[in-house]
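Below is one structure, written out as structure tokens, with a few remarks after it.
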Ligand SMILES: Nc1ncnc2c1ncn2[C@@H]1O[C@H](COP(=O)(O)OP(=O)(O)OP(=O)(O)O)[C@@H](O)[C@H]1O
Ligand SMILES: [Mg+2]
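Chains as they are written, first to last, in my numbering: chain V, 237 to 544; chain R, 5 to 259.
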């Protein structure tokens, strides 16, 4: 439904997006995940026809974004990073205006406004001026605005930013409830958002693609290795070499006062490790499975430790 | 057409929910009322003086002595007021980033520009229409000719429409409303000055400057002379302003 191919965007000398390619299938929610200045907003602006790309292709529902921008705009709902609101309008008249410029024919307009008010939970504030409603409601007006023409595709740029925890949960719930008929691409720099709401993820950093795929695919690719993290009363280099001598252990590394032990999936060496700890009286404080998942990957991306 | 109307309606609403339109219209009317009052007062005293002389009395003409200078004053006040009407049109959208909504909606840039431009024309029409109240007094106490008044108003409308086109262009250039207003002032004043310069210039320059000046074209109209070249001048000015606005918006997005 959404296809991006070798997309590049330069602002003068600054390359905001480099050769980015990904694909979102119909009816799925995908997350565009990346730290600040990764190029998320830029990518979304290109997809929605706000900005032209420097190079590459992008299409929504088989309409090329650059050749048929109006067809794309008709079927796409977009929540920009800064919700585009007119503070001096009421929620109702704002939504009515959006309905007009999204080409909803006059007879259906009223119903469309009603529906988006209902879905976004705006009933209580619909007659109030936008400048007087709270941040959370403004965000909802933004979502209502994106939904008003019942678009097949939704592009949401950081839909939960600036909200309190309760509101974040509500908005996530709302987004999940939109799934099915619609294809959704949402951007975020919070990993939990992706694991909780999305089917797949595109991780980008400084305009480069780091990883992409459905959550299952990505977790599966990490499943080849297993490991644990242990914390001991005693420390020191000697313990690393002791642990390394255990048959089957691939790698031992010290992270702070903890030791990370990894082995190839299948040969469980946990028993041997416990035996060693008890025999040598190392004093076990804590032992937990090592999280080999996208969290680690994303942490590495953020800390700049990914080679690719 | 529907899209232009949607934008236009929203802009008119914004004009009249913010104090801007009210303030501009009120100040405009107060100033015009003042000019009108002093012109009528002057005309009256002239009439009293000339009442003794039948020949001169015949020469008194309220169209020439009141309306023609009044129209000139109105055009100058429009010059001062119109930048305040146009400054927000695009600057504010850009500043608030609401342009992202407009430009990702299935409407064209042309339709957005025209919608906004028509809304500002509407405010201009309201301003001019309200000054018409003054003429009710004139018609109930005297008998001026109607045709020069109408052509004068047409002239004012065209001048104002050209000013608005300049204003909307500068509004598309910057996201700062003050900067947009000042640039519009600057250019409009420059055109006013061109008018003076044409008095002292000679030969070909004189006719070039004369042609470029807003006011030369307007002058005939205030005296009831309707010439198509004058109308064409204003229409091409408006077209140029709107076309440049379009180019600026396109090039900004495609940079
Ligand atoms: N209009 C612009 N002109 C010049 N540079 C820009 C422009 N917009 C974005 N950039 C730059 O492009 C890079 C990517 O920006 P972008 O806004 O796409 O990042 P992002 O992933 O959305 O970040 P954030 O999480 O902070 O919203 C940044 O380095 C930014 O400074
Ligand atoms: Mg962003």
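We put the beta carbon where it would ideally sit given N, CA and C, even for glycine.
Legend entry - Other residues of its chain near residue 543/V: CB distance less than 6 Å, five sequence neighbours each side excluded: Any reading at residue 543/V must be qualified, since the residue scores a pLDDT of 41, below 50, and its modelled position is unreliable; the value itself is stated next. Cβ neighbours of residue 543/V beyond the five flanking positions: none.
Legend entry - For residue 314/V, the first and last residue of its enclosing beta strand (DSSP E): 312-315
Inset, instruction - Out of 508/V, 496/V, 493/V, 473/V, state which residue places its alpha-carbon closest to the alpha-carbon of residue 484/V. - result: 508/V
Legend entry - Any non-hydrogen atom of ligand 2 within 8 Å of residue 431/V CB: no
Legend entry - Closest Cα partner of residue 81/R within the set 213/R, 31/R, 43/R, 111/R: 31/R
Legend entry - Contacts of residue 35/R in chain V (Cβ-Cβ under 8 Å): By Cβ distance, chain V contributes nothing, its closest Cβ being about 27 Å from residue 35/R, past 8 Å.
Inset, instruction - Please determine if the stretch 106-116 of chain R and the stretch 188-199 of chain R are in contact, where contact requires at least 3 C-beta pairs separated by less than 8 Å. - result: no
Inset, instruction - Run the proximity test for residue 277/V: is its beta-carbon closer than 8 Å to any non-hydrogen atom belonging to ligand 3? - result: Ligands displayed in this structure: ligand 1 and ligand 2; ligand 3 is not among them.
Inset, instruction - Decide if residue 87/R is buried, meaning its Cβ has at least 16 other Cβ atoms within 10 Å, or exposed. - result: buried
Inset, instruction - Answer with yes or no whether the minimum CB distance from residue 369/V to chain R is below 9 Å. - result: no
Legend entry - contact_flag[the stretch 384-394 of chain V, the stretch 302-317 of chain V] where n(CB pairs < 8 Å) is 3 or more: yes
Legend entry - Proximal residues, the stretch 328-340 of chain V versus chain R, C-beta separation under 8 Å: 329, 333, 334, 336, 337, 338, 339
Legend entry - Delimiting residues of the beta strand (DSSP E) encompassing residue 606/V: Examination of residue 606/V is not possible in this model, given that chain V is present from 237 through 544 alone.
Legend entry - residue 284/V at chain R interface by Cβ criterion, 9 Å: yes
Legend entry - Beta-carbon proximity check, residue 424/V vs residue 269/V, cutoff 9 Å: yes
Inset, instruction - For residue 231/R, collect the residues of the same chain with a Cβ closer than 7 Å to its Cβ; drop the 5 residues on either side in sequence, then sort them by chain order. - result: 224
Inset, instruction - State yes or no: is the beta carbon of residue 133/R nearer than 9 Å to at least one beta carbon in chain V? - result: no
Inset, instruction - Assign residue 273/V to one of three DSSP states: helix, strand, or coil. - result: coil
Inset, instruction - Can you tell me which of 215/R, 175/R, 229/R puts its alpha carbon nearest to the alpha carbon of residue 251/R? - result: 175/R
Inset, instruction - May I have the straight-line CA-CA distance separating residue 95/R from residue 177/R, to the nearest angstrom? - result: 8 Å
Inset, instruction - Note down, one range per segment and in chain order, each beta strand (DSSP E) of at least 3 residues found wholly within the stretch 284-334 of chain V. - result: 291-296, 312-315
Inset, instruction - Taking only heavy atoms of ligand 1 into account, decide whether any of them is closer than 8 Å to the Cβ of residue 320/V. - result: no
Legend entry - the stretch 27-42 of chain R in contact with the stretch 144-153 of chain R per 3-pair CB rule at 8 Å: no
Inset, instruction - Return yes when the Cβ of residue 167/R is within less than 9 Å of the Cβ of residue 129/R, no when it is not. - result: no
Legend entry - Boundaries (first-last residue) of the alpha helix (DSSP H) holding residue 145/R: 113-145
Inset, instruction - Would you give the residue range spanned by the alpha helix (DSSP H) that residue 407/V belongs to? - result: 401-414
Inset, instruction - Check whether the Cβ of residue 5/R lies closer than 9 Å to any Cβ atom in chain V. - result: no
Legend entry - For residue 441/V, the first and last residue of its enclosing beta strand (DSSP E): 436-441
Inset, instruction - Since I believe residue 399/V is in contact with residue 362/V (beta carbons under 8 Å), could you give me their beta-carbon distance rounded to a whole number of angstroms? - result: With 8 Å as the limit, residue 362/V and residue 399/V do not qualify as a contact, their Cβ atoms being about 20 Å apart.
Inset, instruction - Please check if any C-beta of chain V sits within less than 9 Å of the C-beta of residue 105/R. - result: yes
Legend entry - Contact between the stretch 14-25 of chain R and the stretch 491-506 of chain V (3+ Cβ pairs under 8 Å): no
Legend entry - Nearest to residue 381/V (by Cα), restricted to the options 401/V, 402/V, 340/V: 340/V
Inset, instruction - Answer yes or no: the CB of residue 317/V versus the heavy atoms of ligand 2, is any distance below 8 Å? - result: yes
Inset, instruction - Just tell me which of 29/R, 154/R, 92/R, 24/R has its CA closest to the CA of residue 3/R. - result: With chain R represented from 5 up to 259, any question about residue 3/R goes unanswered, as that position is not in the structure.
Inset, instruction - May I ask whether a heavy atom of ligand 2 can be found less than 8 Å away from the beta carbon of residue 442/V? - result: no
Legend entry - Inter-residue CB distance, residue 286/V and residue 108/R (contact presumed, cutoff 8 Å): 5 Å
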